[in-house]
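Residue numbers (the numbering used here): 7 to 101. Just so it is clear, CB atoms sit at the ideal spot from N, CA and C, and this is done for glycine as well. Below: one structure, written as structure tokens.
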């Protein structure tokens, strides 16, 4: 690249500098929007996976608490307490 070509690429006036700066700023803003959109997609997928795991763990804990209470191993809370009592009575009646 010659010196003349290099001078052509460098903005010469304040207006050209402002215009070039605005164009670069707009380009950067678009890139940031794209990155944020991709980050939102990834965050949504992570949340779905996390929610699915939490739900799976919750179901396991509920099942363990209910069956454990029916067998007299663990004291459940809330509605599970009543379900455990019903299962316990059903077990006594069936034997």
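Since residue 18 is in the alpha helix (DSSP H), which residue starts that stretch and which ends it?
-> Careful: residue 18 lies outside any alpha helix (DSSP H) and carries neither H nor E.
Status (buried if at least 16 other CB within 10 Å, exposed otherwise) for residue 21 = Result: exposed.
What's the C-alpha gap between residue 31 and residue 18?
-> When the Cα atoms are used, residue 31 and residue 18 turn out to be separated by approximately 19 Å.
Exposed or buried, what is residue 90 when buried is set at 16 or more other beta-carbons lying within 10 Å of its beta-carbon?
-> Buried is the call here.
Span separating the alpha-carbon of residue 65 from that of residue 100 | Distance between the alpha carbons of residue 65 and residue 100: 27 Å.
Sequence-distant residues of its chain with Cβ nearer than 8 Å to residue 85 (five each side left out) | For residue 85, same chain residues with a beta-carbon under 8 Å away, outside a window of 5 residues either side, do not exist.
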